[in-house]
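When the letters of the sequence shown are read in order and numbered with the numbering used here, they come out as residues 12 to 387.
Where is the CB? At the ideal position from N, CA and C, for every residue including glycine.
See below for the structure under consideration.
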Amino acid sequence: MGKRSRQRGDSRGLVLKKLAHLARGVIVNSYGTATLTLLALIVLSSTAVLGQVVPSGVDTIDLDQQLDIPLNNGLQGEERNQADLLLRLGGQAQRRGFFDKAIANWLQALDIYQRIGDFQAVGLTYEYLGVAYAKLGRYEKSEDALRRRVGLARSQEDFQGQISGLNNLGTVFLQSRNLKAARETFTEALKISRSVNSQQGEGLSLSNLGLVAANEGNYFEAIKRYENALTLRIQTGDPVGEANTRNNLGDAYRAVNNPREASISYQGALRLAQSSLDVSSEFRALRGLAQSYIAREEYLAALNVLEQHMALARKEKNLDEELFSLRFYAHAYQGAGNFLNARNFYEQAIALAGVLGDTQQQALLRNDLAQMIYSP
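Okay, structure coming up:
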């Protein structure tokens, strides 16, 4: 064996010893006797991942990225107050994941707003309905509501409403894989944003155009769009939007096999998500960062990130995210040559996938485990 080979072997042995020590901490701290704690789960953004074609486990589309549109048209009265209450109740239901209840409240509010002639509120309510219908996968109803929203905004020369409505409408097209319509819709939103000097709208529209490019497989165009969007989102002080775009940028860098740049993007997204308490973006950044470190064969760093990810998943009672942690713990240990711990985590992941009824994930995990065990 040559000098370089001996050095590589010594280094690998040191890494394995450190991993084994860290593994004992992870297994004991997280599982004790390696039993799984079953937690309640409602995951809306990750149950229908229809975004860009990048490595699995990435949420790329967020229909809640709207521009704030306050209701401030001066209309008062008992009916208006009742409609406003229904709008707020719908918002509370949506935040708890009860979209059918949210829609029922908003439809009642819509009827009142139409009756009293509050068309600004009508438009906003249509947008809320469009977002909720999309969350439920009812894309035809979502498209109809959002088209009405855009139409009303145009009739009132409400440019901010047009920008918001068009971006949400384009996102529905993106989710339903109508990429041509999505690109046209986001491009229109971008033109309006620039015509009224709305940097917030321009940043949102550019980021969404990046998603279209990524869905088309044009990752270098996507990277350019995201970087331009990022500049604007930093300037406008939009930490939630900036975190989303940084996560998108990380996804695109991973898709072109540049895990180092991806890691930088995810680290920025993670800092922003944690400071703004944006749990969805925090999960996404941690997932991307773990996968990037594994791709770079930086297994200790990957395990540290996965420990953060598992802690967050348990705090949020999110079993799908726990499954991700278990799966990539297994990948990290396997990559480092610690097959005993890898097998342990594969078996836990297979058990949890069964609890979740995810037969496809269960089959993939069993195949990965079999390949590890029986490969020469």
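Taking C-beta separations shorter than 8 Å and ignoring five residues to either side along the sequence, the partners of Ala-312 in its chain run Tyr-304, following chain order.
In the three-state reduction of the DSSP assignment, Val-267 falls in the coil class, being assigned neither a helical nor a strand state. The beta carbons of Leu-243 and Gly-214 sit closer together than 7 Å. Boundaries of the alpha helix (DSSP H) around Thr-370: 370-385.
In this chain, the alpha helix (DSSP H) harbouring Lys-235 covers 230-246. Around the Cβ of Gly-108, a 10 Å sphere holds fewer than 16 other Cβ atoms; the residue is exposed.
In this structure, Asn-258 sits away from Ala-225, with a CB-CB distance that is not shorter than 7 Å. Asn-178 counts as buried, since at least 16 other C-beta atoms from the protein chains shown sit within 10 angstroms of its C-beta. In this structure Ser-166 is exposed. Its beta-carbon is surrounded by fewer than 16 other beta-carbon atoms within 10 angstroms. Our two residues, Gln-285 and Thr-247, have alpha carbons roughly 19 Å apart in a direct line.
Closest by C-alpha distance to Gly-176, out of Val-223, Asp-95, Ala-200, is Ala-200. With a contact defined as Cβ atoms closer than 8 Å, Tyr-124 and Arg-159 miss out at about 12 Å. Each of Leu-118, Arg-106, Asp-111 was checked against the Cα of Gln-93, and the nearest Cα belongs to Leu-118.
The C-beta distance from Asp-249 to Gln-211 rounds to 6 Å, short enough to meet the 8 Å contact threshold.
The C-beta distance from Leu-135 to Ala-156 rounds to 11 Å, too long to fall under 8 Å, and the pair is not in contact. Secondary structure in the segment 155-223: the alpha helix (DSSP H) runs of 4 residues or longer, each lying completely within the stretch, are 170-186, 190-206 in chain order.
In the three-state reduction of the DSSP assignment, Arg-99 falls in the helix class, which pools H, G and I.
According to the DSSP assignment, Ser-336 belongs to the alpha helix (DSSP H) that extends over 330-347. Between the beta-carbon of Leu-337 and that of Gln-373 there is about 12 Å, and that puts the pair past the 8 Å contact cut.
For Tyr-310 and Thr-198, the gap between their C-alpha atoms comes out near 41 Å.
In the same chain as Leu-281, and ignoring 5 residues on each side of it, the C-beta atoms closer than 6 Å to its own belong to Ala-296, in chain order. The shortest CA-to-CA distance from Arg-307 to any of Leu-98, Asp-169, Gly-346 is the one to Gly-346. A Cβ-Cβ separation of about 7 Å places Arg-354 in contact with Leu-380 under the 8 Å criterion. Going by C-alpha positions, Ala-145 is about 19 Å away from Gly-162. Taking the Cα positions, Leu-351 is about 12 Å away from His-342.
Where Glu-318 is concerned, the enclosing alpha helix (DSSP H) starts and stops at 310-326. The Cβ-Cβ distance between Val-267 and Tyr-230 falls below 7 Å.
Ile-234 is not a Cβ neighbour of Ala-254, given a cutoff of 7 Å.
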